[in-house]
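Student:
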Amino acid sequence: MGNNVYIARNVIIKNIHRLKIGNNVSIHEFCYIDAIGGISINDDVSIAHSSSLISFEHSWGNRDLAIKYNDLKLEPIFIDSNIWVGCGVRILAGSKLSTRTVVGAGAIINKKYPPNVVIVGTPGKIIKEI
Numbered sequence: 001m002g003n004n005v006y007i008a009r010n011v012i013i014k015n016i017h018r019l020k021i022g023n024n025v026s027i028h029e030f031c032y033i034d035a036i037g038g039i040s041i042n043d044d045v046s047i048a049h050s051s052s053l054i055s056f057e058h059s060w061g062n063r064d065l066a067i068k069y070n071d072l073k074l075e076p077i078f079i080d081s082n083i084w085v086g087c088g089v090r091i092l093a094g095s096k097l098s099t100r101t102v103v104g105a106g107a108i109i110n111k112k113y114p115p116n117v118v119i120v121g122t123p124g125k126i127i128k129e130i
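If you read the sequence shown in the working numbering, its first letter stands for residue 1, the second for the next number, and so on.
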């Protein structure tokens with residue numbers, strides 16, 4: 001864990017041993033983070049309240065098992081430096097936010113994005129370069 005890291009009350013972090021956090025990071029109230037697939041958060045990142053970072057997906061390939069008992073597909077999440085994540089954002093397995101990115105409230109992030117952009121919507125779409 002880096003220096004000057006703020007993790008608010010009521011943040012849930014699972015598999016913390018797979019979570020890397022840089023310097024000057026803030027994670028606000030009611031966020032949910034499951035780092036089983038690996039999550040890296042670089043420097044100067046703010047994650048607003050009620051956001052989720054989920055580094056796995058459920059599979060359903062084995063029809064002999066209930067879906068909830070099928071294997072998990074683990075994929076890391078990478079959040080580069082100088083990122084602002086709005087409230088209620090969902091960052092899903094395999095996603096990458098590149099440097100100097102703003103993610104609007106309520107967006108669903110489900111892929112890799114280039115740097116210097118604003119992303120909004122479900123699924124997240126780039127609406128402008130910054």
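Don't be surprised by glycine CBs; every beta carbon is placed ideally from N, CA and C.
Predicted model, so just to flag it, every value in this text is computed and none were measured.
Could you tell me whether the Cβ of residue 26 comes closer than 8 Å to any Cβ of chain B?
Tutor: No chain B is part of this structure, which consists of one protein chain only.
Student: So, do the region 36-50 and the region 79-89 have three or more beta carbon pairs nearer to each other than 8 Å?
Tutor: yes
Student: From the DSSP output, read off the bridge partner residues of residue 60.
Tutor: Bridge partners of residue 60: none, in fact.
Student: Candidates 74, 64, 98: which alpha carbon is nearest residue 58's?
Tutor: 74
Student: Identify which residue in 20, 125, 49 has its Cα closest to the Cα of residue 131.
Tutor: No statement about residue 131 is possible, as the shown extent of the chain runs from 1 to 130 and does not include it.
Student: Can you list, in chain order, the residues of its chain with a C-beta nearer than 8 Å to that of residue 115? Leave out the 5 residues immediately preceding and following it.
Tutor: 80, 98, 99, 100, 101
Student: Less than 7 Å between C-beta atoms, sequence neighbours within five positions excluded: which residues of the same chain meet that for residue 129?
Tutor: These residues qualify, in order along the chain: 116, 117.
Student: Check this for me: beta carbons of residue 93 and residue 54, under 8 Å apart or not?
Tutor: yes
Student: Going by CA-CA distance only, name the one from 14, 18, 6 that's closest to residue 28.
Tutor: 6
Student: Return helix, strand or coil for residue 68, following the three-state DSSP convention.
Tutor: helix
Student: Drop a sphere of 10 angstroms on the beta-carbon of residue 66, count the other beta-carbons inside from all chains shown, and report buried for 16 or more, exposed for fewer.
Tutor: By the 10 Å Cβ count, residue 66 comes out exposed.
Student: Taking the continuous beta strand (DSSP E) assigned at residue 125, which residues delimit it?
Tutor: 125-129
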